[in-house]
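Engineer:
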Amino acid sequence: MRWLVSLVFNVQIYVVMALMAVVFTPWALVDRRGAYAAVHAWCGWVRWSARRMLGLRTEVRGPVPEGEVLIAAKHQSFLDVILIVSAVPRPKFIMKRELKWAPIVGWYALRIGCVPVDRGRRAEAMRQMMRGVTEGAAPPGQLIIYPQGTRIAPGAKAPYKMGSAVLYQTTGLPCVPAATNVGLFWPRRGIRREPGLAVVEFLEPIAPGLPAAAFTARLEREVEARSDALMAEAGAAPDGR
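Mapping of the sequence shown onto the numbering used here: position 97 corresponds to residue 97, and the numbering continues sequentially without gaps.
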């Protein structure tokens, strides 16, 4: 039954996405505010319907970043994307280039200022990322990056890559770390969703000016420690079980 309800939930959120695209696209075509309104409305719907259909409550903790800032977030599943986007006023992402061609999602991602990069070629991806950010291709807002580069299952370990440190140093922006436990309830793969309280928490900003190695070490230490604490709060062991 849990699997079936999860399947119905997954289907309906994409049906609603398509319907919202029909409603919001005329506005989004002429005004970027229409695109922001669309993504906020859809993320709000996902959070509301997850609670009603799945018993999956969601919470965003900590001061919500505003203005020009980097957000370096733990990435466990699509749900942490939804929570962050629902909370910040002008979200934009470093995203893999293939998403440009995804129906609805790709166009709206570009419209709100997401920066596509080719993750398969590391050096070129870094150059693409920096061009997209520093040349003004993306509008002002909250630039969300994933220091580990991909979704990581709860309890799994993966290194923090240098891309976030390069952005931090090059842009001179403060960086807000973000921790999460969402992968316990909405896994990175599969259909089944679990009830509980999924949390994304914004942590104390890291001011500009740190050397790259010191920044990366601090970011990893704070995000991993707080993510482990959120998983423990939800009743999970350090390995995510």
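Where a beta carbon is used, it is the ideal one built from N, C-alpha and C, also for glycine. Remember, predicted model here, so these are calculated numbers, not experimental data.
Between the C-alpha atoms of A179 and A73, what's the straight-line distance to the nearest angstrom?
Structural biologist: Taking the first residue of the sequence shown as position 1, residue 179 is located at position 179. Taking the first residue of the sequence shown as position 1, residue 73 is located at position 73. Cα to Cα, A179 sits roughly 6 Å from A73.
Engineer: Within 10 angstroms of the Cβ of A214, are there 16 or more other Cβ atoms? Answer buried if so, exposed if not.
Structural biologist: Your numbering for residue 214 matches position 214 in the sequence shown. Exposed, because fewer than 16 other Cβ atoms sit within 10 Å of the Cβ of A214.
Engineer: Take W45 and list the residues in its own chain whose beta-carbon comes closer than 6 Å to its own, dropping the five residues that flank it on each side.
Structural biologist: Taking the first residue of the sequence shown as position 1, residue 45 is located at position 45. Non-local C-beta neighbours of W45 in its own chain, meaning closer than 6 Å and more than five positions away in sequence, comprise V16, ordered along the chain.
Engineer: Indicate whether at least one CB of chain D lies closer than 9 Å to the CB of K96.
Structural biologist: Going by chain labels, chain D is absent from the structure shown, which holds only one protein chain.
Engineer: With distances taken from CA atoms, which of Q169, M162, I206 and R151 is nearest P182?
Structural biologist: The residue given as residue 182 occupies position 182 in the sequence shown. In the sequence under discussion, the amino acid at residue 182 is Val, which differs from the Pro named in the question. Nearest C-alpha to V182: R151.
Engineer: What is the DSSP secondary structure of R51, counted as helix, strand or coil?
Structural biologist: Residue numbering aside, residue 51 sits at position 51 when the sequence shown is read from its first letter. Looking at R51 - three-state DSSP - the assignment turns out to be helix.
Engineer: Where do the ends of the beta strand (DSSP E) carrying T150 lie?
Structural biologist: Numbered from its first residue, the sequence shown carries residue 150 at position 150. No beta strand (DSSP E) contains T150, which DSSP labels as neither H nor E.
Engineer: Select from G209, A38, I145 and T170 the residue whose C-alpha is nearest the C-alpha of M20.
Structural biologist: Within the sequence shown, numbered from 1, the residue matching residue 20 stands at position 20. In this structure, A38 is the residue among G209, A38, I145 and T170 with its C-alpha nearest to the C-alpha of M20.
Engineer: Using only the heavy atoms of the ligand GDP, determine whether one of them is closer than 8 Å to the beta carbon of L56.
Structural biologist: Because no ligand of any kind appears in the structure shown, any question about the ligand GDP cannot be addressed here.
Engineer: Going by other Cβ atoms of all chains shown within 10 Å of its Cβ, with 16 needed for buried, is E201 buried or exposed?
Structural biologist: Translated into the one-based positions of the sequence shown, residue 201 becomes position 201. Classification of E201: buried, given that the 10 Å Cβ count is 16 or more.
Engineer: Which residue comes first and which comes last in the alpha helix (DSSP H) that contains M20?
Structural biologist: Position 20 of the sequence shown, counting from 1, holds the residue named residue 20. Segment R2 to V30, the alpha helix (DSSP H) holding M20.
Engineer: Mapping the DSSP letters down to three states, classify I104 as helix, strand or coil.
Structural biologist: Within the sequence shown, numbered from 1, the residue matching residue 104 stands at position 104. In the structure shown, I104 sits in coil (DSSP, three-state: anything other than H, G, I, E or B).
Engineer: Distance check for C43 and Y36, CA to CA, integer angstroms please.
Structural biologist: Taking the first residue of the sequence shown as position 1, residue 36 is located at position 36. Taking the first residue of the sequence shown as position 1, residue 43 is located at position 43. Rounded to the nearest angstrom, the two C-alpha atoms are 11 Å apart.
Engineer: Where are the alpha helix (DSSP H) runs, 4 residues long or more, that stay fully inside the region 148 to 229, in chain order?
Structural biologist: 163 to 171
Engineer: Taking the continuous alpha helix (DSSP H) assigned at A234, which residues delimit it?
Structural biologist: Translated into the one-based positions of the sequence shown, residue 234 becomes position 234. Unbroken run through A234: none, as it is neither H nor E.
Engineer: For V5, which option in R32, P26, T25 and L56 has the closest C-alpha, if you only look at C-alpha atoms?
Structural biologist: The residue given as residue 5 occupies position 5 in the sequence shown. Nearest of R32, P26, T25 and L56 to V5, Cα basis: L56.
Engineer: Counting C-beta neighbours from all protein chains within 10 Å, is the total for T170 16 or more, i.e. buried, or is it exposed?
Structural biologist: Taking the sequence shown and counting its residues from 1, the one referred to as residue 170 is at position 170. Exposed: under 16 other Cβ atoms inside 10 Å.
Engineer: What's the C-alpha gap between I191 and E59?
Structural biologist: Taking the sequence shown and counting its residues from 1, one reaches residue 191 at position 191. Taking the sequence shown and counting its residues from 1, one reaches residue 59 at position 59. Their Cα atoms are separated by approximately 21 Å.
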